[in-house]
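Residue numbers (my numbering): 726 to 1274.
For each residue, glycine too, the CB sits at the ideal point set by N, CA and C.
Each remark here refers to the structure printed beneath this line.
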Amino acid sequence: MEISRQQFVEKLSIVEEAIKECDVIAIDTELSGLHRPLNNKRLYSLQDRYIEYKEATERFIVIQFGLCTFKWDASSGRYIAKPFNFYIFPTSTTGTVQANRIFMTQAQAFDFLVKQSFDFNKWVYQGIPYLTKQEEKVYREQGEKRMADDMPNIPVDEKEFEFMKAAKQKIEQWLKDNKKDDGVNIVAKNAYQRRLIYQEVRNNYSELTAIGMQGFIRITKLTEKQQKERKKEKLEKFENDCRQAVGFRKVIDMISESKKMVVGHNMLLDICHVIGQFVQPLPDTLAEFKVLTHKLFPNLIDTKYMCAAEPELFKIFGTATALEQLRFETSKEAFANPRIDMHPQFPRYLTEKAHEAGYDAFMTGAAFLRLTSYLDKIKNPPKFTVEEEKEPEQVEARKLHSDGWEVTDDDEEEDKGNWYEDGEDEEIYNYGSTEVDLFVDNNTVSPILKNSINKAALVRSAFDYLDFINNEAITNQRSAFYVTYKQTPLNTERLEALFSKHGKYVIEECDDTSCFIVFEKIPVDFNVEEIDSDFTVVPISRYYEIMKL
């Protein structure tokens, strides 16, 4: 289901229902540009990689967001998918001035999207706006001041002296005539003149009310009842304006508040953009980012990392873990469980639309469910053992018409003269697939996912993944070493003097006296026994052996 700016408020309840009822949520984004700068750097520390992603969220924006929910339907033995596709554009829906956002575009990214038939006109004209939480706070404060008529006074420009003089005369004449009509209308040519009229009435005509109309301001007297009704109308309009101004961030809030499993593919950059664009600016340090992310999304799964972390999946996929490859492999017989179908009211992706965010979210979630089921079947085969077929029960004697034909159920209903009743439940075909165990209880994820939960895939890094809860582990790296220093703090200048001659490397600090040194290439002339006596250097494999003792 594609939801445009004009439909967003109306269809938000459909999105909310899908999120509340589902078992798992999959997401995907399309961006105005990617993070990679033009350099030949092949190895990053975690902090450097995070800073690169953080800067990307400040340069580029999410221009399309895909969301797909999956709900287990026991009666039909299948998952029901509800995919949503949203174009996102930082504009205004309420007519009021919102944050004047400046963002960059990358020609290569736009060229790719053009080739995938991305609709840029729809993006600009129908894209949904948004406010971060801080922007919403400012928006509300300003709106509440306007409603309370608590705006600060502004000076009257001498160019507007005649305008204000004429307006006052018109008001005074109306009061003098003591007419019983609706009031007096003051035509204001711009926002500045309108502000001056509101200010004049507030300061000098406390018994009057200024009401903004199309093209003019009406000055009138209101009864107490009318004032209450007007206040109520203004409050309702303000709340509606706030909902529209918050816009797409409401969807992100719903996902976060649900605390459900959120699945993405190679999702670290997606998560950075979602938080940085819709929630709040990303913090300066990686440690703060990890805490913030886990607070917002406590159950994250990256299918790219999942395929690398699980030996049973790595045998199948190896390093070929692009989303299209996952879709292809999980369509084979080995991954037949569970069955996944589209909800009948969500027919948009009955045909493929690769690289549209909503479809990619659907592919990601479907692949995740099948990968998890596959792992469960391998690790817990008794759960998937087919029960022996029972002896068939004795079939009831057939009823026959007078002409010898068998009487069917339909015939019996027809004979009753009521072959169909509106609202009667239809017979549901059960596809027989098995529900995927995601959680043991509300707070404990299934053991099948313990290696993958809250970890995001990394490339060109000392680590294979970023862990949102624990410290990361360096795996299968002969070019990595653990270094301890006899003094505090760690002397990075001496480290550089010792290790730079052996090739390019990064430092991953552990604490004040230790760190990991990871070389871009295996240093062939590196002898740990020749290192400065103030340092103790051991291969990374030896370090993990010591940690287990």
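Contact check between the segment 1022-1040 and the segment 979-989: three or more CB pairs, one atom from each, fall below 8 Å, which counts as touching. When A743, V749, K914, A892 are compared, the shortest CA-CA separation from F1022 is found for V749. Taken through DSSP and simplified to helix, strand or coil, G1001 comes out as helix. In the pairwise beta carbon analysis, the segment 1154-1174 is classified as not touching the segment 1011-1020: fewer than three pairs are separated by under 8 Å. Beta-bridge partners of R803 (DSSP): D798.
Runs of the beta strand (DSSP E) spanning 3 or more residues and lying entirely within the segment 925-967 occur at 934-938, 941-945, in chain order.
Excluding the 5 residues flanking it on each side, Y855 has same chain C-beta neighbours closer than 8 Å at I813, P815, V971, G972, F973, R974, Q1002, F1003, in chain order.
Residue nearest to E1234 within the set S729, D902, D1250, T1213 is T1213 (criterion: CA-CA distance).
Looking at I739, N903, W899, L768, the one whose alpha-carbon comes closest to that of E1245 is L768. In this structure, DSSP gives F1188 a state outside helix and strand, which the three-state scheme calls coil. For S931, the closest C-alpha among the options E1152, Q939, L947, F1053 is that of L947. Taking one beta carbon from each stretch, the segment 1249-1258 and the segment 771-784 have fewer than 3 pairs nearer than 8 Å; the two do not touch. Residue environment analysis places E866 among the exposed positions, since fewer than 16 neighbouring C-beta atoms fall within 10 angstroms of its C-beta. Collapsing the DSSP output to three states places Q831 in coil. Rounded to the nearest angstrom, the Cβ distance from A916 to I922 is 11 Å, too far for a contact under 8 Å. Linking V1208 to E1270 through their CA atoms gives a straight-line distance of about 15 Å. About 10 Å separates the beta carbons of L1007 and I996, which is beyond the 8 Å limit, so they are not a contact pair. The Cβ atoms of G791 and Y1084 sit closer than 8 Å to each other.
Boundaries of the beta strand (DSSP E) harbouring F1241: 1239-1244, taken from the DSSP string. DSSP, read as helix, strand or coil, puts D1027 in strand. Counting along the chain, the unbroken beta strand (DSSP E) around G989 starts and ends at 986-989. When DSSP states are grouped into helix, strand and coil, K914 belongs to the coil group.
Comparing C-alpha distances from L771 to each of Q731, R1185, R1219 shows the shortest one belongs to R1185. Contact check for A1181 against V1231 fails: the beta carbons are separated by 8 Å or more. For the segment 766-795, the full-length alpha helix (DSSP H) segments reaching 4 residues or more read 771-784 along the chain. With contacts defined as CB atoms closer than 8 Å, S757 and F809 fail to qualify as a contacting pair. The straight-line gap separating the alpha-carbon atoms of E1197 and Y1190 is approximately 7 Å. Within the model, the alpha-carbon separation for I1041 versus E1049 is close to 14 Å. For F1193, no beta strand (DSSP E) encloses it, and the DSSP letter there is neither H nor E. For P1036, the uninterrupted alpha helix (DSSP H) run begins and ends at 1036-1042, by DSSP. Judged by their CB atoms, I1199 and I1242 are not nearer to each other than the 8 Å cut-off. The Cβ-Cβ distance between A892 and I911 falls below 8 Å. Note on geometry: alpha-carbon atoms of M1067 and Q831 lie some 34 Å from one another.
When secondary structure is reduced to three states using DSSP, P1264 falls in the strand class.
In the DSSP annotation of this structure, the continuous segment of the alpha helix (DSSP H) that includes A1222 starts and ends at 1217-1224. Annotation: the continuous beta strand (DSSP E) that includes E1234 extends over 1230-1236.
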